[in-house]
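Enquirer: In the UniProt record's numbering, the protein residues as written are 1 to 1230.
For glycine and all other residues, C-beta sits at the position ideal for the given N, C-alpha and C.
Remember, predicted model here, so these are calculated numbers, not experimental data.
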C-alpha cells in the first residue's frame, strides 16, 4: 500500500532556496528546533548571508542542513555526516570504526528522518504491527534510540518501502514558530510528488561492517516557475514582504496584510478541522493517513483559489489547481467507505477486529471499496469460512449478541464506522451508559437523523481531540471514488456543503473557538464572514440571509439574540452562565450587611508599618490615601458581594493586609482563591495563610474535570466552610471560572464574596471579561436604575501612593495612559521626559531598530542597572540572582537565596520573533552561562547550571532532600542549582527551605512540552500576577497581540525600576497604543449585563464603561464625560481635535483633552477636570495650569475648563456655556 509522508523543515527567510538566510540573525523562528538552537552561529551566518550552499565548505553549512533548510535547492551541494556515537575518548564501541561520510544532495532534494520509529519506547508498538523484526542490541550507555544496526535497517526499510516514487506525496511543514501565524503549531509550506527515493545510505567504515544513516534522500517535484510542476510551494514570503500598512480592495471589502496572510495560511488547527492530523506532522517524518492528505489537498485548493484572487504572488495557479485535482483522485483510489470498521468491532467487545479485517483482505474476501459489515455477518452466520485464527473460538458467542441488536443500533455502529474514529470514541457514542456519563444528550434516532450532533457535542479528552465537523464530512458526503457502491443513505447522506445540519455544527465550533478567544457571542454578520473564509476541503459560501432562513433550526442548540441594533448567536451554556452571573452579582451587591465596627484606619497604618513603610500624618497625600483606603474597606465589608479595584500604586496590597487583620472576618473564616498558582502563592503570603487556585478549590468540591482541564458546573454538594470568600487577580477569571465558583459555594452560608483585581490588566485566557464587566456595570449605574443600590459595592481606590525618589512614579505615570481610566491631569508630562533618562526616576528608556541594536542596548542597560562590570559578567549576575558558594568538605557548594530569583526579569509580548522571549533566552544563556555545554535537553531548551527557569504547570512534586511534597505553581520561577544523572535540580522562589526539585532531561527525543522552560525572558502573559524589582521590557512596533492591556500589564510589573527598550528612533509612537481602539478587553463580545457585540471582525463593540464612543465616526474617548462634551461640540458644528499634542516652550509636551483653532489661527484648549476631590489629581491640575499659563494661555480666553461634581455628576448647562464661549472665538467650519 502506498504511503504519503510529512517532512519537517526549519523556517527560512528566502524560500528554502539552497542559500544561507538573507538575514540569519533576524530569523529566530528556526531556533525553536533543538538542533538549530544548539548549533546556530548567527555571526558566522551573517558573513555568508544569501550565499548558495553549493559554494560553501562543508563546515560552513548552517545547522538547518539537518532540518530541511534547503529543500527547494536549485543547485546540488554536499553534506558530511559524523556518527553521533563516534567520539574521541568515548566507550570502545563498534561506531569508532565509522568515518565521516559525505553525501551529495541533488537539486530539489532533502533528507527525511522517521524519528518516532527509531525511539526505543515505541518498539513494542511497532513489533505489534509488524512482527518478526530482529531484536535490538543492548546499548552500552543510556539511550532513547534503537541501537543495533540490524534492527535499525529493518525499521528504516519498513518505513520507507511503501513510499513510492511518482506516487507518494511529501507534505513539508514548519513546526511551531513562524512569522505567518504566531499561534500555529504546524504550518504547511509545500506539497509535492516524491520523484526519487534513495536507497539506505551507510556510513563509510574502516571495518567490515557499517551502520545506516537514518536520513534518507527524497527528490520532490515542486517547481514554482514551471507550469508542469508536480507540487506547490505556498507564497508566504511574497505576502510577508508586503508593507505593514498594505490594504487590498476585494469584493468582500478592504483586507489588511494580516487578513490576507490568514486567508492563505495552511494550518491544521482551523475551525471544523480534524485536530488529530497534527500527530502525523511530528518527529521529523511520519506516514500520513489518506484522509489527512485529502483534507490538506482540499484546503490547498481553496487557498490557491484565494491566491489567484489576490493577485499578489505570480505563478501557474490554474495549472496547480489541475495538479491538485489529479492528486485528489489518486488518493481516493486507496480509500474505502468504512475506515473504522475494525475499531467499531473492538468497541463492541471483539478485540481481534484488526486481525479479522486484515485476514479478510489478505484472503481477497474484502476489497478496498467493499462493505466489511456484509463480510462480518457472513462470518458470524457461517456463510463465509476463513482460516482458523486465535479469535475463531469467540465468533459463536458474538453471533447471538450481534443478531439480537436492533436494526437501529446496528445502523448506528455502521454509521460510526464510516467516520475516522478510535475505539474509545466509538464506544463513547455507541454505548448508552458512556453517552449519559459524558452528558451527550441525544438518542440513537437523533444521531442517525443528524450525525453532526457528534461534532456539536463531543468535547474530547486528554487522549483525543473533539470530533470535528470535517470527520463527519469525510464519512457522509457522497464520494463514489472513495465509497464505491456503498454511498451513505438518507438521512445520514450529506448532499451539499450548505446542509443546515453541517452549517450549525460549524457555527457551534466557531462559537466554541470564539469563547476560547474571549467572545461569548458573535454577530450573525461576523459568523457569516468567518464561514465564508474557512479553509475547508468543502468550502462554505452562504447566501446573505442563510442564517435568518434557518434560524429556528439553529435555535434548537443556540441562543439567538435579536435587537434593533444587532443579530447574534450564542452557545446556550453562555446564555445560562451570563444570566446566572448577572442575577447573583447584582442581587448580592445590593444586599447590605451590618457594619463590622472595625477601626480600619488603625489596621491600615499597622499594615503599612508591618510592610516596612512609613505613614506620615502630616503628608496630605498619605492622609488622603488613608481615607480612600478606609472607605474602600467599609464598602467591601458591607455587602454580600463587593469589588475592590484600582490601578497600580493605589495600595490594594495595604487594603488587603488590613482586611486580613480584621478579627471579625478571621472569626468567620476567610477562603482565599486565585486563578493561577503564582497568584495563589502571592495571596497566601500576603494573608499569612493557605490560598488555593480555582482548580484546587473546585477539585476539592469534585467540580473540576482534569481530563478536559475545565471546571464542572454541577456537583454533589456545595461549600459550607469559611463564610468570607476573597478572590484575587480577578481580571484573569473567565466567565466559566466565576460561574463554577458561584455554583460551588453555598450562597446562603457565604456571607461575603470580595472580588479583587485590576480590570485594566490583560483579560482572561478564555470566555468573557467578567471582572471588567462587573466593574463597568457598577461604575455606570445611574440613580434611576433599579439596581443603583449595587453601585455602593464598588470600592475603587483612586489615590496613588507609590512614589520614586520622593516624586510621582514615572513608571506609573506612563502606565496610567494605558489603563482604562482618564490619566491624571499632569500625567502627559511623561511624554516630555521620555527620551531623556536624566529626567526620569524609576523609568529608563532606550530605542533600537534591529536585532543587533536590541542586544547591544539590552546589554548596556543590564550592565548599568544590575551594576555588572561588563556584558559577560557571569559572577556578578549570579550574585545578583542570589547565587553564592559555601565551603563543605573542601568543596565549593552552590547555595541559592530564593528570595533573589525574582530580582530582575526580561519581558516580551510574544515568544517567537527575534525580539521574543525564546531568542532573548538563548542570547542571554549564550552570553552569561559558562556551564551550558554540560546542559540537558528539556522541551525546546537546553538547560544548564544556574539557568533561570519557570514552572509551566501546576503540580505536586517531591523535593530533595527530605522527599517532602510541595505544590509547585504555573509561573513559579527558579534557578538550576545542579545537574546530576541527567536531572536538572531546581530551587524555586517562594520556597525558603534548602531543597531542590528534579526534572529529567529528555535526551535527543523530541518533546513539545515540558514542565520547565528557560525564563531569563518570559512573555507578558506569563508575568501576570507577578512583580519584580527590575523589569526590562521590549516593545516592538509589530505584533498582532500588542494591546493597551498588554502594555499596561507589563508596565506595572516593576517594583523598583522599569527599563523600556522601544523599537524605532523615537518612543513617542507608544501613545497611540494607549488609545481605546487598542483595547483587547473592550473588543470582546459579551452579554453579561448589556450586549456588546461587534458587527464584524475589524470593528470594536460598544461596551458601556469600557469603550466610550462619540457620534463622530471612529472617535473614541477615555471617559463618559468626554463623550458628552464631544457630542455637544459635534451638535454645535465646532471643529475640534481630541488629544492633539501641544509642544510648549523648551520642547515640553502636553496632550490637552480638546483643541480648537481660533479665527486668527491660534490654539484654543478645553480641559475636562474629572476628580478634583482627589488631592493628587488637584495638585496635578495646578501643575498643568501653570504650564499653560507659562505658554501664553489664560483661563476663559484661550483656555477653558469643565468639571464634575464630587460624586462624578456633570452639569450640562455649565458645559453649554463654556462651549458657547469657545464658539465665539473659533472657526466653526462646515
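Leaving out five residues on either side along the sequence, give the residues of the same chain with a beta carbon under 6 Å from the beta carbon of residue 1084.
Expert: 518, 519, 769, listed in sequence order.
Enquirer: Since residue 780 contacts residue 1104 with CB under 8 Å, what's their CB separation in whole angstroms?
Expert: That pair is a contact at about 5 Å.
Enquirer: How should residue 1113 be labelled, buried or exposed, when 16 other C-beta atoms within 10 angstroms of its C-beta is the threshold for buried?
Expert: Residue 1113 should be labelled exposed.
Enquirer: Would you call the segment 484-494 and the segment 425-441 in contact, with 3 or more CB pairs under 8 Å?
Expert: Contact between the segment 484-494 and the segment 425-441 is absent, because fewer than three Cβ pairs lie under 8 Å.
Enquirer: Suppose contacts are defined by Cβ-Cβ distances below 8 Å. Is residue 925 in contact with residue 947 by that definition?
Expert: Going by C-beta atoms, residue 925 is nearer than 8 Å to residue 947.
Enquirer: I need the DSSP call for residue 1205, collapsed to helix, strand or coil.
Expert: DSSP places residue 1205 in coil when its eight states are reduced to three.
Enquirer: How would you call residue 655, buried or exposed, if buried means at least 16 neighbouring beta carbons within 10 angstroms?
Expert: Classification for residue 655: buried.
Enquirer: Which first and last residues belong to the beta strand (DSSP E) in which residue 1163 is found?
Expert: Start and end: 1163-1169.
Enquirer: Let's test the definition: count the other Cβ atoms within 10 Å of the Cβ of residue 1194 and tell me whether it reaches 16, buried, or not, exposed.
Expert: Burial call: exposed.
Enquirer: Which residues mark the beginning and the end of the beta strand (DSSP E) in which residue 78 is found?
Expert: Per DSSP, residue 78 belongs to the beta strand (DSSP E) from 77-81.
Enquirer: Taking just the CA atoms, how far does residue 797 sit from residue 613?
Expert: Roughly 19 Å separates the two Cα atoms.
Enquirer: Once DSSP output is grouped into helix, strand and coil, what is the label at residue 685?
Expert: In this structure, residue 685 counts as helix in the three-state DSSP scheme.
Enquirer: Can you tell which of 545, 77, 97 has its C-alpha closest to the C-alpha of residue 84?
Expert: Nearest option by C-alpha distance: 97.
Enquirer: For residue 919 and residue 31, which I take to be in contact (beta-carbon distance under 8 Å), what is that distance rounded to the nearest angstrom?
Expert: Going by Cβ atoms, the distance from residue 919 to residue 31 rounds to 7 Å, so yes, they are a contact pair.
Enquirer: Give me the DSSP bridge partner(s) of residue 1117.
Expert: BP columns for residue 1117 point to 1108.
Enquirer: Using alpha carbons as the reference points, say which of 413, 465, 29 lies closest to residue 447.
Expert: Per the Cα distances, 413.
Enquirer: Of the residues 978, 858, 929, 885, which one's Cα is nearest the Cα of residue 905?
Expert: It is 858.
Enquirer: May I ask you to list the residues that DSSP assigns as paired with residue 362?
Expert: BP columns for residue 362 are empty, so no partner.
Enquirer: So, helix, strand or coil for residue 1076, using DSSP?
Expert: Residue 1076 falls in the helix class under three-state DSSP.
Enquirer: Output the residue ranges of the alpha helix (DSSP H) runs that lie fully inside the segment 598-651 and measure 4 residues or longer, sorted by chain position.
Expert: With a minimum length of 4 residues, the continuous alpha helix (DSSP H) runs that stay inside the segment 598-651 are 600-610, 620-636.
Enquirer: Sorted by chain position, which residues of the same chain lie with C-beta nearer than 7 Å to residue 598's C-beta, five sequence neighbours on each side aside?
Expert: 662, 664.
Enquirer: When you compare each of 873, 956, 1042, 887 to residue 929 by their alpha carbons, which one comes out closest?
Expert: Checking every option, the nearest Cα to that of residue 929 belongs to 873.
Enquirer: Compare the C-alpha of residue 1226 against each of 1184, 1205, 1161, 1180 and name the closest.
Expert: Considering only alpha carbons, the answer is 1161.
Enquirer: What number of angstroms, rounded off, separates the C-alpha of residue 876 from the C-alpha of residue 866?
Expert: Distance between the alpha carbons of residue 876 and residue 866: 8 Å.
Enquirer: Given 8 Å as the limit, is there contact between the segment 114-125 and the segment 223-231, that is, 3 or more CB pairs closer than that?
Expert: Short answer: they don't touch.
Enquirer: Which term fits residue 183, buried or exposed, when burial requires 16 or more other beta carbons within 10 angstroms of its beta carbon?
Expert: Residue 183 comes out exposed.
Enquirer: Go ahead and label residue 341 buried or exposed: buried means 16 or more other beta carbons lie within 10 angstroms of its beta carbon, across all protein chains shown.
Expert: So residue 341 counts as buried.
Enquirer: Assess contact between the segment 1124-1133 and the segment 545-555, defined as three or more Cβ pairs (one per stretch) separated by less than 8 Å. Is contact present?
Expert: The segment 1124-1133 vs the segment 545-555: no contact.
Enquirer: On the CB-based measure, 16 or more other CB atoms within 10 Å of its CB, does residue 1230 come out buried or exposed?
Expert: Low local confidence applies: a pLDDT of 49 at residue 1230 is under 50, so the model's placement there is unreliable, with the coordinate-based value given in what follows. Classification of residue 1230: exposed, given that the 10 Å Cβ count is below 16.
Enquirer: Quick check on the burial criterion: 16 or more other C-beta atoms within 10 angstroms. Buried or exposed for residue 1231?
Expert: Because the chain here runs from 1 to 1230, residue 1231 falls outside it and cannot be looked at.
Enquirer: Less than 7 Å between C-beta atoms, sequence neighbours within five positions excluded: which residues of the same chain meet that for residue 1039?
Expert: So the list reads 909, 910, once near-sequence residues are dropped.
Enquirer: Grouping DSSP H, G and I as helix and E and B as strand, with all else coil, what is residue 1020?
Expert: Three-state result, residue 1020: helix.
Enquirer: Between the Cα of residue 1311 and the Cα atoms of 871, 1082, 361, 486, which residue gives the shortest distance?
Expert: Since the first and last residues shown for the chain are 1 and 1230, residue 1311 lies out of range.
Enquirer: With DSSP collapsed to three states, give me the class of residue 99.
Expert: In this structure, residue 99 counts as strand in the three-state DSSP scheme.
Enquirer: Just how far apart, CA to CA, sit residue 931 and residue 988?
Expert: Per-residue confidence for residue 931 stands at a pLDDT of 47, beneath the threshold of 50, marking its modelled position as unreliable; the derived number appears in the next sentence. Between residue 931 and residue 988, the C-alpha separation is close to 20 Å.
Enquirer: If you reduce the DSSP assignment to three classes, tell me which class residue 988 lands in.
Expert: Note: residue 988 maps to strand in three-state DSSP.
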